[in-house]
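Protein chains in written order, with my numbering: chain A, 26 to 455; chain D, 26 to 455.
There are 2 protein chains.
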Amino acid sequence: MARHTARDLRSENRFEVLHALFELGPSTRQELARHTGLSQATVATLVTEFLSGGVLHIAAVERNTGGRPQERLTIAPDRGRIVGVDVAETYVDAVVHDLALDVLSHAEVALDEKENDPGYVVDGIVRAVDRALGADESERERVIGVGVSMPGHVHPDAGVSVFAPNWDWHDVHIEELLEQRLAIPVYVDNPLKAVILSEMWFGVGNVVDSMAVVNLGTGVGAGIALDGSLIRGITNNAGEWGHTLLELDGRACRCGRRGCVEAYVGAPGLRTTLAEIDPGHPTLRQPRQRDFVEAVAEGLAAGDPALSALVLRTGRYLAAGLGDLVNLLDVPHITLTGWASEALADRLVPAVRDELPHHVLPGSLPGLTVEPSQVPGNAVALGMAAFTLQRFLTRLGLASPARTRPRPDREPAGFGRRAVTVPSPGPDAV
Amino acid sequence: MARHTARDLRSENRFEVLHALFELGPSTRQELARHTGLSQATVATLVTEFLSGGVLHIAAVERNTGGRPQERLTIAPDRGRIVGVDVAETYVDAVVHDLALDVLSHAEVALDEKENDPGYVVDGIVRAVDRALGADESERERVIGVGVSMPGHVHPDAGVSVFAPNWDWHDVHIEELLEQRLAIPVYVDNPLKAVILSEMWFGVGNVVDSMAVVNLGTGVGAGIALDGSLIRGITNNAGEWGHTLLELDGRACRCGRRGCVEAYVGAPGLRTTLAEIDPGHPTLRQPRQRDFVEAVAEGLAAGDPALSALVLRTGRYLAAGLGDLVNLLDVPHITLTGWASEALADRLVPAVRDELPHHVLPGSLPGLTVEPSQVPGNAVALGMAAFTLQRFLTRLGLASPARTRPRPDREPAGFGRRAVTVPSPGPDAV
Numbered sequence: 026m027a028r029h030t031a032r033d034l035r036s037e038n039r040f041e042v043l044h045a046l047f048e049l050g051p052s053t054r055q056e057l058a059r060h061t062g063l064s065q066a067t068v069a070t071l072v073t074e075f076l077s078g079g080v081l082h083i084a085a086v087e088r089n090t091g092g093r094p095q096e097r098l099t100i101a102p103d104r105g106r107i108v109g110v111d112v113a114e115t116y117v118d119a120v121v122h123d124l125a126l127d128v129l130s131h132a133e134v135a136l137d138e139k140e141n142d143p144g145y146v147v148d149g150i151v152r153a154v155d156r157a158l159g160a161d162e163s164e165r166e167r168v169i170g171v172g173v174s175m176p177g178h179v180h181p182d183a184g185v186s187v188f189a190p191n192w193d194w195h196d197v198h199i200e201e202l203l204e205q206r207l208a209i210p211v212y213v214d215n216p217l218k219a220v221i222l223s224e225m226w227f228g229v230g231n232v233v234d235s236m237a238v239v240n241l242g243t244g245v246g247a248g249i250a251l252d253g254s255l256i257r258g259i260t261n262n263a264g265e266w267g268h269t270l271l272e273l274d275g276r277a278c279r280c281g282r283r284g285c286v287e288a289y290v291g292a293p294g295l296r297t298t299l300a301e302i303d304p305g306h307p308t309l310r311q312p313r314q315r316d317f318v319e320a321v322a323e324g325l326a327a328g329d330p331a332l333s334a335l336v337l338r339t340g341r342y343l344a345a346g347l348g349d350l351v352n353l354l355d356v357p358h359i360t361l362t363g364w365a366s367e368a369l370a371d372r373l374v375p376a377v378r379d380e381l382p383h384h385v386l387p388g389s390l391p392g393l394t395v396e397p398s399q400v401p402g403n404a405v406a407l408g409m410a411a412f413t414l415q416r417f418l419t420r421l422g423l424a425s426p427a428r429t430r431p432r433p434d435r436e437p438a439g440f441g442r443r444a445v446t447v448p449s450p451g452p453d454a455v
Numbered sequence: 026m027a028r029h030t031a032r033d034l035r036s037e038n039r040f041e042v043l044h045a046l047f048e049l050g051p052s053t054r055q056e057l058a059r060h061t062g063l064s065q066a067t068v069a070t071l072v073t074e075f076l077s078g079g080v081l082h083i084a085a086v087e088r089n090t091g092g093r094p095q096e097r098l099t100i101a102p103d104r105g106r107i108v109g110v111d112v113a114e115t116y117v118d119a120v121v122h123d124l125a126l127d128v129l130s131h132a133e134v135a136l137d138e139k140e141n142d143p144g145y146v147v148d149g150i151v152r153a154v155d156r157a158l159g160a161d162e163s164e165r166e167r168v169i170g171v172g173v174s175m176p177g178h179v180h181p182d183a184g185v186s187v188f189a190p191n192w193d194w195h196d197v198h199i200e201e202l203l204e205q206r207l208a209i210p211v212y213v214d215n216p217l218k219a220v221i222l223s224e225m226w227f228g229v230g231n232v233v234d235s236m237a238v239v240n241l242g243t244g245v246g247a248g249i250a251l252d253g254s255l256i257r258g259i260t261n262n263a264g265e266w267g268h269t270l271l272e273l274d275g276r277a278c279r280c281g282r283r284g285c286v287e288a289y290v291g292a293p294g295l296r297t298t299l300a301e302i303d304p305g306h307p308t309l310r311q312p313r314q315r316d317f318v319e320a321v322a323e324g325l326a327a328g329d330p331a332l333s334a335l336v337l338r339t340g341r342y343l344a345a346g347l348g349d350l351v352n353l354l355d356v357p358h359i360t361l362t363g364w365a366s367e368a369l370a371d372r373l374v375p376a377v378r379d380e381l382p383h384h385v386l387p388g389s390l391p392g393l394t395v396e397p398s399q400v401p402g403n404a405v406a407l408g409m410a411a412f413t414l415q416r417f418l419t420r421l422g423l424a425s426p427a428r429t430r431p432r433p434d435r436e437p438a439g440f441g442r443r444a445v446t447v448p449s450p451g452p453d454a455v
């Protein structure tokens, strides 16, 4: 059996300590050890490493009666900046965070759904990052990394978009293309992994350790955490719930299969359903997906009966797909996220809840919660920022094996020792 | 967030050491620590505990140049007996194992599919266990536990069959009923958990750490392991792949929903499909499910065209359902087990493989293996025996917190300090 390597373990331990710092707020080493289940020695080593990299600072020193003084540690927000980028079929949203993952600024750039050239998409990402960082050059110099969520099948270690059906991309070396333009270390991953990390750290993960986050947009999918572990799958392709069956030989899906959940509850699927209900409905004249979904939300508020029927049918489809998730994985909590969910949740969630008893096995129904995600802001961008921080800490650890504490101002701004592939910016760099 | 308790961790550590002993064979403490990733101190403590309980013995002492003598440890097969019991809709198979989980004997008792009284089913289990143990009273006295797999939703900690749709059982206290009759500690669980444990320990778990085992019989389901962890779900109900959708509003399923995978690929589903292909087919006259499936296998061998069509359609249904499993969880390996799989795998597996490319996302297809399980014997009974051994070791640890080593012949035969609910056998006990 393939076992975790010692290096995996060290990386996981860093992640656990980081997560505990976000969950507990300013904490002592003892509290971190108790919360993570790691040994005091392991926590002490990692804290020393984080302090030496300037990532943590000592918020307070407490003197208990008789005992040694206890240092209370917290993340140093101004040690650097992290940009989390949500790249969807129709837009790029770049969000600048400090090291405590608080949002400082963001910028959105629209993408033309019809364009699929990697250069066009890279250009959109670069423009969004540049706008979000603004004109202050010193802010840009403080960026330790850019985490970019790309739709489709992504291999984070290789930095490659393995397959993006919306653009018909195969093996696009997106990390390298972006690092050439940005001259900042880039980490790429898939939005489903980003939204589940956000939910685990900043959403219902504070009360449950098994959950799914269903992302509704042009494409749909589910981020999954079981027993506190983010489920990636063997090729980082887990969570493609959108490409599980709702109906064998049903509607054509853009993945090539027929009858997938996405063909019913993705934004284009909503359009298909509305056309079945009322082929002449004026909302169908909205050519762009986000405009279409916004128009549906407005029409619902105005009491349009065809749109009410659309919500009821979509609620049934969604409940059927969520029923499959629950019956297979027995998760107690499902949250909905993504732009389509944000637009429609008020009406869609009650419709889903009404239908769930027809699709969930009786043993799992009483403890099941389905609700809109409470993660603040753009959960994809936030999750990508958290992954990027984790990678930075891992590289920091690799770069400073000794436990000596160098002066923080001598630490590199980027991913430790790692060289950016092409050090000079490309010809189009801003 | 709900964290693992220290007690969970100790129990998991015992399981890891036990697994390593099965995987490595006779091992030194150092080898066990290296293989499990546990500290030398933790392994040494657990080994002391296992030795004191007589579960391990020292197979050899090796003297390396200069170093301390190294003890090579192995499971003591004759420390006790464990009965693993596979209770299905149509039969009970009780298998007697030694402590090394080698099979010593077994006995099968048929169950009438129409009978649903708990007393009838308990009686069948007791008869199978008694027959498997035979007339030698000293064998019975050595039994440390009976692990019983029950179909449906089972809560192992409470020993309760929460819901068994085949018998319309709700909250049947099966563990207590059986302990009253057998006067031996009983552990109950669900067959999906048993088959995946068998696969992890004695099947493809030696080469992959994420996999699914699809169990085909009257009911169907999937045991799931991800990154080396058995997936139970929040109520022990994970793996109900048989109750995920193949077709919204499709065939009625006995769970009450329509269109579930089970309604197409469970044994009654095969009968429905054959009736669609050829309503007058003579095989349909077989009233009992196992006879029907055996007759299908014989007819296939004789070249019956309607039965060939049945296999092709069933292969397509099965590939569609497996495609959902792979697309959602990105597992690289699926094995098929269960009596219906054993009867039909020769013809069914090639039919499934032909259809998989139409249902699996392209990124996951190249690394995907689908094959009959190579776990020897009854994988449900073997997995239940392994769970029972694990529970025995946990109780042993709780019963002997001190590190002193009592004489093995003074150790209780059963689950450490735990009292059997009703110490005297019930009136019907054999």
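Glycine included, each C-beta is placed from N, C-alpha and C at the ideal position.
The structure presented is a predicted model; accordingly, all values stated were derived computationally and were not measured.
ask   = From D/Glu-56 to D/Leu-217, what distance separates their C-alpha atoms?
value = In the second sequence, residue 56 of chain D corresponds to position 31, counting from 1. In the second sequence, residue 217 of chain D corresponds to position 192, counting from 1. Near 31 Å, if we compare the C-alpha coordinates of D/Leu-217 and D/Glu-56.
ask   = Using the beta-carbon count (16 or more within 10 Å), is A/Glu-41 buried or exposed?
value = Translated into positions along the first sequence, residue 41 of chain A becomes position 16. Counting Cβ neighbours within 10 Å, A/Glu-41 comes out buried, since at least 16 surround it.
key: Alpha carbon of D/Ala-153 to alpha carbon of A/Ala-411, nearest angstrom   = Along the second sequence, one-based indexing puts residue 153 of chain D at 128. Along the first sequence, one-based indexing puts residue 411 of chain A at 386. For D/Ala-153 and A/Ala-411, the distance between alpha carbons rounds to 55 Å.
ask   = If you run the structure through DSSP and keep just helix, strand and coil, what is D/Gln-95?
value = Counting from 1 along the second sequence, the entry for residue 95 of chain D is found at position 70. D/Gln-95: strand per DSSP, three-state reduction.
inquiry  = Going by beta-carbon coordinates alone, are D/Ile-221 and D/Gly-170 separated by less than 9 Å?
reply    = The count along the second sequence starts at 1 and reaches residue 221 of chain D at position 196. The count along the second sequence starts at 1 and reaches residue 170 of chain D at position 145. No; because the gap between Cβ atoms is not below 9 Å, this pair is not in contact.
Residue ranges of each beta strand (DSSP E) within the segment 160-238 of chain A, 3 or longer = Qualifying beta strand (DSSP E) stretches, in chain order: 168-174, 178-180, 185-189, 194-197 and 211-214.
inquiry  = I need the straight-line Cα distance from A/Val-239 to A/Val-229, nearest angstrom please.
reply    = Translated into positions along the first sequence, residue 239 of chain A becomes position 214. Translated into positions along the first sequence, residue 229 of chain A becomes position 204. Using only the alpha carbons, I get a separation of about 13 Å.
request  = Taking C-beta pairs closer than 9 Å, name the residues in chain D that A/Pro-397 reaches, listed in chain order.
outcome  = By one-based count along the first sequence, residue 397 of chain A stands at place 372. Here the premise fails: no neighbours, minimum Cβ distance about 20 Å.
inquiry  = Using the Cβ count rule (16 or more neighbours within 10 Å means buried), how would you classify D/Arg-310?
reply    = On the second sequence, position 285 is the one that residue 310 of chain D refers to. Under a 10 Å Cβ-count criterion, D/Arg-310 is classified as exposed, with fewer than 16 other Cβ atoms of the shown protein chains found around its own Cβ.
ask   = Can you find a CB in chain B that lies within less than 9 Å of the CB of D/Pro-357?
value = In the structure shown, chain B does not exist; the protein chains are A and D.
key: Close beta carbons around A/Asp-303, own chain, < 6 Å, minus the five adjacent residues each side   = Taking the first sequence and counting its residues from 1, one reaches residue 303 of chain A at position 278. Cβ within range, chain order: Ala-331.
message = Determine whether the beta carbon atoms of D/Tyr-212 and D/Glu-200 lie at a separation below 9 Å.
response = Translated into positions along the second sequence, residue 212 of chain D becomes position 187. Translated into positions along the second sequence, residue 200 of chain D becomes position 175. Cβ distance < 9 Å, so D/Tyr-212 and D/Glu-200 count as in contact.
Under 9 Å between C-beta atoms of D/Val-377 and D/Gly-340 = Counted from its first residue, the second sequence places residue 377 of chain D at position 352. Counted from its first residue, the second sequence places residue 340 of chain D at position 315. Yes. Within cutoff.
message = For A/Tyr-116, list the residues DSSP reports as bridge partners.
response = Here residue 116 of chain A refers to the residue found at position 91 when the first sequence is read from its first residue. Bridge partners of A/Tyr-116: A/Ala-135.
ask   = What residue range is occupied by the uninterrupted alpha helix (DSSP H) comprising A/Val-68?
value = Walking along the first sequence from the start, residue 68 of chain A turns up at place 43. From DSSP, the alpha helix (DSSP H) with A/Val-68 extends over 65-77.
ask   = Thinking C-alpha only, which one of A/Glu-164, A/Asn-141, A/Thr-298 and A/Glu-96 is nearest A/Val-112?
value = Position 87 of the first sequence holds residue 112 of chain A. Here the closest residue by C-alpha is A/Asn-141.
task = Please confirm if the segment 346-360 of chain A is in contact with the segment 266-275 of chain A, defined as three or more CB-CB distances below 8 Å between the two stretches.
result = yes
request  = State yes or no: is the C-beta of A/Leu-251 within less than 9 Å of the C-beta of D/Ile-150?
outcome  = Here residue 251 of chain A refers to the residue found at position 226 when the first sequence is read from its first residue. Here residue 150 of chain D refers to the residue found at position 125 when the second sequence is read from its first residue. In this structure, D/Ile-150 does not lie closer than 9 Å to A/Leu-251 by Cβ.
ask   = D/Thr-61 by DSSP, collapsed to three states: which one?
value = For the purposes of this step, residue 61 of chain D is taken as residue 36 along the second sequence, with counting starting at 1. DSSP places D/Thr-61 within a helical segment (H, G or I) once states are collapsed to three.
query = Are the beta-carbon atoms of D/Ala-219 and D/Thr-360 separated by less than 9 Å?
reply = By 1-based counting over the second sequence, the position of residue 219 of chain D is 194. By 1-based counting over the second sequence, the position of residue 360 of chain D is 335. No, the Cβ-Cβ distance between D/Ala-219 and D/Thr-360 is not below 9 Å.
task = Kindly indicate if chain D contains any beta-carbon less than 9 Å away from that of A/Gly-392.
result = As a working note, residue 392 of chain A is residue 367 in the first sequence. Chain D contact via Cβ: present.
query = Leaving out five residues before and five after A/Pro-382 in sequence, what residues of the same chain have Cβ atoms less than 8 Å from its Cβ?
reply = As a working note, residue 382 of chain A is residue 357 in the first sequence. Here the set comprises Leu-390.
inquiry  = Quick test of your reading: D/Thr-53 and D/Gln-95, contact by CB under 8 Å. State the CB separation rounded to the nearest angstrom.
reply    = Position 28 of the second sequence, counting from 1, holds the residue named residue 53 of chain D. Position 70 of the second sequence, counting from 1, holds the residue named residue 95 of chain D. The pair is a contact, with the Cβ atoms about 5 Å apart (cut-off 8 Å).
query = How should A/Ser-223 be labelled, buried or exposed, when 16 other C-beta atoms within 10 angstroms of its C-beta is the threshold for buried?
reply = Residue numbering aside, residue 223 of chain A sits at position 198 when the first sequence is read from its first letter. Counting every other CB atom within 10 Å of its CB across the protein chains shown gives A/Ser-223 a total of 16 or more, marking it as buried.
task = Under 6 Å Cβ to Cβ from D/Ala-58, same chain only, skipping five residues before and after it: list those, please.
result = Within the second sequence, the letter at position 33 stands for residue 58 of chain D. Close CB contacts of D/Ala-58 within its chain, under the 6 Å cut and outside five residues either way in sequence, are with Gln-65 and Val-68 (chain order).
inquiry  = Tell me which residue opens and which closes the alpha helix (DSSP H) that A/Thr-298 is part of.
reply    = Within the first sequence, numbered from 1, the residue matching residue 298 of chain A stands at position 273. Counting along the chain, the alpha helix (DSSP H) containing A/Thr-298 begins and ends at 292-302.
request  = Report back the beta-carbon spacing between D/Leu-418 and D/Arg-104 to the nearest angstrom; my notes put them in contact at under 8 Å.
outcome  = As a position in the second sequence, residue 418 of chain D is number 393, starting the count at 1. As a position in the second sequence, residue 104 of chain D is number 79, starting the count at 1. Not a contact, Cβ separation roughly 11 Å.
message = I want to verify the contact list: residues of chain A whose CB lies under 7 Å from the CB of D/Pro-387, in sequence order.
response = Residue numbering aside, residue 387 of chain D sits at position 362 when the second sequence is read from its first letter. Phe-188, listed in chain order.
key: Beta-bridge partners of A/Leu-270, as assigned by DSSP   = Within the first sequence, residue 270 of chain A is the residue found at index 245, counting from 1. Bridge partners of A/Leu-270: A/Cys-285.
task = Taking only beta-carbon positions, decide if D/Glu-265 is within less than 9 Å of chain A.
result = Here the question's residue 265 of chain D lines up with position 240 in the second sequence. So, interface residue.
ask   = Under the DSSP definition of a beta bridge, which residues are partnered with A/Val-394?
value = Start at 1 with the first residue of the first sequence, and residue 394 of chain A comes out as number 369. The residue asked about is misnamed: residue 394 of chain A is Thr in this sequence, not Val. Answer is A/His-358, bridged to A/Thr-394.
ask   = Buried or exposed: A/Gly-159, going by 16 or more other Cβ atoms within 10 Å of its Cβ?
value = In the first sequence, the residue the question calls residue 159 of chain A occupies position 134. Classification for A/Gly-159: exposed.
inquiry  = Contact criterion: CB-CB distance below 9 Å. Does D/Asp-252 meet it with respect to chain A?
reply    = Position 227 of the second sequence holds residue 252 of chain D. Yes, its Cβ sits closer than 9 Å to a Cβ of chain A.
Exposed unless 16 or more other CB atoms sit within 10 angstroms - verdict on A/Asn-89 = Translated into the one-based positions of the first sequence, residue 89 of chain A becomes position 64. Classification of A/Asn-89: exposed, given that the 10 Å Cβ count is below 16.
Proximity test, Cβ basis, 9 Å: D/Thr-429 and chain A = Counted from its first residue, the second sequence places residue 429 of chain D at position 404. Its pLDDT being 35, under 50, D/Thr-429 is placed unreliably in this model, and the value from its coordinates should be taken loosely. No, D/Thr-429 lies away from the interface with chain A (no Cβ there is under 9 Å from its Cβ).
request  = Just mark D/Gly-328 as buried or exposed, buried being the case when its beta carbon has 16 or more other beta carbons within 10 Å.
outcome  = Locating residue 328 of chain D in the second sequence gives position 303, counting from the first residue. By the neighbour-count rule (16 or more Cβ atoms within 10 Å), D/Gly-328 is not buried but exposed.
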